[in-house]
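To start, the structure under review is shown below, and the notes come after it.
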Amino acid sequence: MPGGFDSHSLPPNLTTGVMTPTSQTLLDVVLIGGGHAHVEVLRSAAMAPVPGVRLTVVARDTVTPYSGMLPGYLAGIYSHAEAHIDLRPLCARAGARLIHAPATGLDPEARIVTFAGRPPLRFDVAMIDIGSTPVVADIEGAERALPVKPVDLFLDRWMAVEDAVLASDGPWHLTVVGGGAGGAEVCLGLANRVRERLSAEGDDPTRVRAALVTDGDTLLPRHNPGARRRMADAMTRDSVAVHLERHVARVAEDHVLCVDGTEIPVDTTVLVTGAAAPGWLRDTGLALDDGGFIAVDRFLRSHSHVNVFAAGDVAGFTEQPLVKNGVYAVRQGPLLARQLRNIAAGRPLEPFIPQHRTMALISTGRQHAIGSWGSLAFDGDWAWRWKDRIDRVWMEKYQQLPAIPEMDDTPMRCGGCGAKVPARILQRALERLDLPSRSEVITGLEAPDDAAVIAPPPGQVAVQTVDQFPAFVDDPWVFGRIAAVHALSDVHAMGAAPVAALALVGLLPGTPDAMEDDLVQMIEGVLSILRVEDCALVGGHTTGSERASLGLTVTGFADPDRLVRKSGLKAGDALILTRPLGTGTLFAADMRGKAESAWIEAAVAAMQRSNGPAADVFLEHGIHAMTDITGFGLAGHLHEMLAASGVAAAITLGVLPVYPGARALLSRGIASTLHPGNVAALEGLLDPGTIDPIVFDPQTAGGLLAGIPANRAEACITALHEAGDTDAVVIGHIVDDADSMITIRD
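For what it's worth, my numbering labels the leading residue of the sequence shown as -7, then goes sequentially.
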């Protein structure tokens, strides 16, 4: 397969590590995980793109913690932003797609990554850096404890624990299981963090009772005696009870039970035990080492599959045993970045040569650190400052990124029907899809013809709409879902039920397999929405494009007497908006690598939710008029409703729901290219008083705006919240006369 790694395209030389590319230049490289090695691969690509390579990152979480600063973050010394790397702007600068979904499996023979609830993703080369999980196999009741890895899941759960501690009274027992450097750092960091928060609240910090349990006969078993003594002193100084040679057998609700019968009281148990491999690796067919980790050779390449690489904790480096810590992942990152370039250029791979001895700087939960290097041990505040400087310098490489360069001119592709996607690609993609249908569809994709044929039921009218736009998110499946929600909204806004849809797809050029996979991902995203809506996909058109795009023509049916229009607003009506504003500025910032992942994720989650349930609620509450908020922004679409109804509106600025980050971005001058046109279109028509730029922000997959009788507004809002539109709110009222058609109030 062109661009692949099977025996027909990239035959490996296992002695030299040479991989010879074919005449096809496009390689699909999927980075599974956002670990320390992979962020360096992305940074390298951001500094100098890799010709002929398309990078895709698959990550369970889009913000990844740096292990070196994690103890300081747990202790409250670093902020979340200081101790984490946001993958989204890093991917944007690297030109990499970001798939925010946890991988659940990998088939190296079929060359696909699998997920729960969405189609698999193909690759030519896979690189895996997903870390490890604590060993819990022999601990009964381990599900009651908090494993420190995966770190992002631990942090989510820890916040709830911390809040519970602050709300409690009396002693609170924290027990950390694991006596290595990680366990010691986590124990001291968490204990100090909670104590400092209690002190800040005027509470008694001494009610935090911390304990560390280890089956070893000493703390820090991999370090020298001097470092061990210093850590023991730190535990004593911070009133941490250390239980040596105690193997935990069971975690109960209020205690941990050790094999020797010792019971240690607990309210929260944290596991920082030895590293275990993620369980799904067992089903991949990859060669694994005795611990279940991916067995890799000196090139960090799988022993069994030459198109799979692994780094960090998940890699079992068979050349020599390596400790499972972030140091080696950090050091493997630059090599992995070079391996990618070597593969693309057909050069020999380079071996990984681990350091014979590494320096360890171990946090004690305060701005104090213990150093260990061979037989040398030291500690002090100065050691913390040294560690802090090293960590900040490393993080700066991934947080202070170069500006996204201007796009180079690309060769012109054929236009007209010469730009169509080849029939074989389309046929194979359709064979992979489960296509829903309806009885009203006479001719559709089950028996394709030149056009679809749909028969409306007697007494109903057809409601048709069309929408199309270029891709603005990396994930083609998510893009398909958002495009479907956006296109269906016009039908919902008129009180109709969607019945059939036609798709118009623009695909980026690439290998046949890459184009087929992109098409399947995009259309499967569309279908995941259409199935819920009981709407059939009856046909469409595909074309090659310099930018991926997707459009849908949707046909719905409705009783003509029940159609809802933009006109019909009446004085006294309450105006209800169902969804926040701000997608225009958010995605304008995202394209420039200036949006935080949390902002984009909040918007993307809402944009994948259909407006159908909200439309049904409005229909049940005596709606007078309705529209959906899209490209012209709240002000533009409200103006259309008011002009059609011959009334005016008073909007309350302070209640407008807005996505996180949107106002901050607008204040920095980051706006959609359509924003100035929206402002100009309403010049002189708005109250010249306080005008919030958010009302001009163009929306994609925006919410519904509806006018209903004021006496039914409260019940309607309650019903909307119960239906899932938790941001729905009354934003103003309709008035008979006003100095301006739209008056905005604080």
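Note that CB positions come from ideal geometry on N, CA and C, so glycine has one too. The model shown is predicted, which means the values in this text are computed figures rather than measured ones.
Which residues in the same chain as residue i place their Cβ atom closer than 6 Å to its Cβ, once the five residues preceding and following it in sequence are excluded?
| i | result |
| --- | --- |
| ASP467 | ILE91 |
| GLY181 | PRO63, LEU66, ALA67, GLY357 |
| ALA95 | ILE24, VAL50, VAL105 |
| THR300 | It is Val, not Thr, that sits at residue 300 in the sequence shown. Answer for VAL300: PRO100, ALA118, SER294, listed in chain order. |
| PRO652 | TRP591, ALA594 |
| PRO197 | ARG187, LEU190, SER191 |
| PRO462 | ARG539, SER541 |
| ALA29 | ASP121, ALA303, GLY304, ALA321, GLN324, GLY325, LEU328 |
| PRO13 | Only weak support is given to the placement of PRO13: the predicted model assigns it a pLDDT of 38, under 50, and the value that follows is read from those uncertain coordinates. For PRO13, where only same-chain residues beyond five positions count, the Cβ hits under 6 Å are GLY338. |
Let me know the secondary structure DSSP gives residue i once reduced to three states.
| i | result |
| --- | --- |
| PRO572 | coil |
| PRO749 | Because the chain is modelled from -7 through 738, residue 749 falls outside the range shown and cannot be assessed. |
| MET743 | What is shown of the chain runs -7 to 738, which leaves residue 743 out entirely. |
| PRO217 | helix |
| ILE726 | strand |
| ILE621 | coil |
| PHE471 | helix |
| THR276 | coil |
| ALA88 | coil |
| GLU525 | helix |
| ALA302 | strand |
| PHE146 | helix |
| ILE683 | coil |
| ASP510 | helix |
| ARG290 | coil |
| PHE370 | strand |
Candidates the options: which alpha carbon is nearest residue i's?
| i | options | result |
| --- | --- | --- |
| LEU611 | THR503, LEU626, GLY585, ARG554 | ARG554 |
| ALA86 | ASP505, VAL128, TYR390 | TYR390 |
| LEU561 | GLY536, ALA617, LEU145 | ALA617 |
| ALA580 | LEU666, ILE286, THR206 | LEU666 |
| ARG571 | THR547, ASP620, SER541 | ASP620 |
| MET514 | PRO111, PHE344, VAL55, LEU98 | PRO111 |
| GLY625 | GLY646, ALA598, ALA597, LEU674 | LEU674 |
| ILE700 | ILE568, ALA598, ALA607, HIS360 | ILE568 |
| TRP591 | ARG80, MET61, VAL49 | ARG80 |
| VAL248 | ARG274, ALA336, GLY172, ARG136 | ARG136 |
| TRP272 | GLY284, GLY366, GLY175 | GLY284 |
| VAL458 | LEU353, CYS527, LEU544 | LEU544 |
| ALA369 | ALA337, ASP275, MET351, ARG89 | MET351 |
| ALA488 | ALA479, LEU496, ALA495, LEU494 | ALA479 |
If you follow the beta strand (DSSP E) that residue i is part of, which residue opens it and which one closes it?
| i | result |
| --- | --- |
| ILE354 | 352 to 355 |
| TRP365 | 361 to 365 |
| ALA493 | 489 to 499 |
| VAL543 | Per the sequence shown, the amino acid found at residue 543 is Gly instead of Val. Taken as a continuous stretch (DSSP letters only), the beta strand (DSSP E) holding GLY543 covers 541 to 550. |
| GLY661 | Here GLY661 belongs to no beta strand (DSSP E), and DSSP marks it neither H nor E. |
| ALA698 | 696 to 700 |
| GLY97 | 97 to 99 |
| ALA642 | 640 to 644 |
If you follow the alpha helix (DSSP H) that residue i is in, where does it begin and where does it stop?
| i | result |
| --- | --- |
| GLN324 | 318 to 337 |
| PHE464 | Counting along the chain, PHE464 falls outside any alpha helix (DSSP H), and DSSP gives it neither H nor E. |
| ALA606 | 604 to 612 |
| ASP739 | Residue numbering for the chain in the displayed model covers -7 to 738; residue 739 lies beyond these limits and cannot be assessed. |
| GLY308 | Counting along the chain, GLY308 falls outside any alpha helix (DSSP H), though it belongs to the beta strand (DSSP E) covering 307 to 309. |
| PRO63 | 62 to 66 |
Output needed for residue i: all residues of its chain with C-beta closer than 8 Å, excluding positions within five of it in sequence on either side, in chain order.
| i | result |
| --- | --- |
| GLY133 | ARG242, VAL243, ALA244 |
| GLU388 | none |
| PRO690 | THR575, GLY576, THR622, GLY623, PHE624, GLY625, SER664, LEU666, HIS667, ASN670 |
| ASP144 | ARG52, ASP53, VAL55, THR56, PRO57 |
| PHE464 | PHE471, PHE579, ASP582, MET583, THR692 |
To the nearest angstrom, report how far apart residue i and residue j are at their CA atoms.
| i | j | result |
| --- | --- | --- |
| VAL721 | LEU697 | 10 Å |
| ASP161 | ALA226 | 26 Å |
| ARG201 | VAL45 | 53 Å |
| ALA156 | GLY109 | 33 Å |
| GLY517 | ILE122 | 26 Å |
| PRO4 | ASP373 | Low confidence applies here, because PRO4 scores a pLDDT of 37, under 50, leaving its location unreliable and the question unanswered by this model. |
| ARG149 | GLY170 | 19 Å |
| SER783 | VAL186 | No answer is possible for residue 783: the residues shown for the chain start at -7 and end at 738. |
| ALA307 | PHE549 | 56 Å |
| LEU500 | GLY536 | 6 Å |
| GLN452 | GLY614 | 21 Å |
| PHE107 | GLY318 | 26 Å |
| LEU292 | HIS239 | 34 Å |
Closer than 7 Å by C-beta to residue i: which residues in its own chain qualify, once you throw out the five before and the five after it? Chain order, please.
| i | result |
| --- | --- |
| LEU18 | GLY(-5), GLY44, ARG46, GLY502, THR503, ALA506 |
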